[in-house]
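Counted the way mature numbering (1 follows the signal peptide of the UniProt record, and there is no 0) counts, the sequence shown spans residues -35 to -1, 1 to 287. From the three backbone atoms N, C-alpha and C, an ideal C-beta is built for every residue, glycine too. Computed from a prediction, not measured in an experiment: that's the story for all the values here. Heads up: the structure comes next, in structure tokens.
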Amino acid sequence: MKLSVPVTVPVTGRAAVAVAVAVATLFTTGSIAGAAPAAEPVAAAAPDLPVAGVKAHLTQFQSIAAANGGNRAHGRAGYTASLNYVKGKLDAAGFTTTVQSFTSGGRTGYNLIADWPGGDTDQVLMAGSHLDSVSSGPGINDNGTGSAAVLEAALAVSRAGYQPTKHLRFAWWGAEELGLVGSRYYVNNLSAAGRARISGYLNFDMIGSPNPGYFVYDDDPTIEQTFKDYFAGIGVATEIETEGDGRSDHAPFKSAGVPVGGLFTGASRTKTAAQAAKWGGTSGQAFDRCYHSSCDTTSNINDTALDRNGDALAYAVWELSE
Ligand code: TRP
Ligand code: ZN
């Protein structure tokens, strides 16, 4: 759902994006009476990320788990099938994809990295999510949601022909559930110069919890404010994420000095009465009662939370890469 949020210029929507990408540099004329017309670059507006597209990816992840013993876990066939599904979509959309392998627990794991050609490679904005599930279930909220929304955002970049100032890189991590293994491997294998080129890392892990909260990581202030601006624009209150700070793939980036941020709708912690009053849902119940369980299926998703977080993700990718 597209709702009005503050943008650089008072034009929004796909038409504005199309115009901004069709013209290499577009200028708007200032309207200060008596002054020479001031020219300012016009920023492309972030698209409304179609929640139907995000949900279609979740359906595929569910089918992949069903066909592969009920999970998409590290070292299992459901993981490689998930990776091949995401990679196929990205390759067809014009991304340069790289599969990075590592070993954990005696099994080979894989990270998928997708670079969008163009932009200043000395300023790389990354968005990522873990693609593995636990072995006890299909992992649709944890973390089909982040994986599907990051994929849909990458596809939206391609559809818009978006050419931001910064270079965009999307990532799907392996073996998060074994202790952030894939993301740590990626960060450890960057050179010092490679790490310094990453201007920000945005993490999305569990963004469609069935009894959702709206949690924003309070790490880098600029990234945090960007997400807060989006939610303020749609009139949704947020809280700082505190349920196990550092329990996802942003942690290795943060440890390496990369500015990080992200979104989260809650795991096993219980929603309070105050939280239910502002967000709806059920107080005294977990944000996700199916966390790390076999019932983490496509039925375990709040569509409104998934839609809002997907839109916030796209907004941040656009805003932070200009
Ligand atoms: N995959 C994470 C985990 O199993 C889920 C999680 C718990 C999380 N707390 C979090 C993700 C806080 C982001 C932020 O630990
Ligand atoms: Zn997770």
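Under a three-way DSSP split, which group does residue i fall into?
i, result
"ASN265", "coil"
"THR86", "strand"
"LEU228", "strand"
"VAL(-13)", "Reliability fails at VAL(-13), whose pLDDT of 37 lies under 50, so the model's placement of it is uncertain and no value is given."
"GLU287", "coil"
"ASN33", "coil"
Alpha carbon to alpha carbon, how far is residue i from residue j?
i, j, result
"ARG72", "ALA38", "11 Å"
"GLU204", "SER233", "16 Å"
"ALA157", "GLN250", "44 Å"
"GLY34", "GLY231", "27 Å"
With distance defined between alpha-carbon atoms, name the residue in the options nearest to residue i.
i, options, result
"LEU120", "ALA11, ALA202, GLY200, THR235", "ALA11"
"LEU96", "GLY34, THR130, LEU145, GLN88", "LEU145"
"ALA136", "ALA158, ILE163, LYS243", "ILE163"
"PHE169", "VAL181, GLY159, ARG160", "VAL181"
"LEU278", "THR247, LYS193, ALA216", "LYS193"
"ILE172", "LYS236, ALA140, TRP244, ALA114", "ALA114"
"VAL64", "LEU77, LEU167, LYS54, TRP138", "LEU77"
"CYS255", "TYR50, ALA9, LYS236, GLY104", "GLY104"
"GLN190", "LYS54, GLU284, PHE26, PRO15", "GLU284"
"SER248", "GLY40, LYS236, SER112, GLY275", "LYS236"
"TYR44", "ALA118, GLU141, THR61", "GLU141"
Examine ligand 1 and report whether any of its heavy atoms sits within less than 6 Å of the Cβ of residue i.
i, result
"GLU189", "no"
"ALA232", "yes"
"GLY126", "no"
"GLY209", "yes"
"PHE229", "yes"
What I want to know is whether the C-beta of residue i ends up closer than 6 Å to one or more non-hydrogen atoms of ligand 2.
i, result
"ASP214", "no"
"ASP170", "yes"
"ASP107", "yes"
With a Cβ-Cβ cutoff of 7 Å, do residue i and residue j count as a contact?
i, j, result
"GLY84", "LYS20", "no"
"SER286", "PRO129", "yes"
"PRO217", "ARG160", "no"
"LEU167", "GLY226", "yes"
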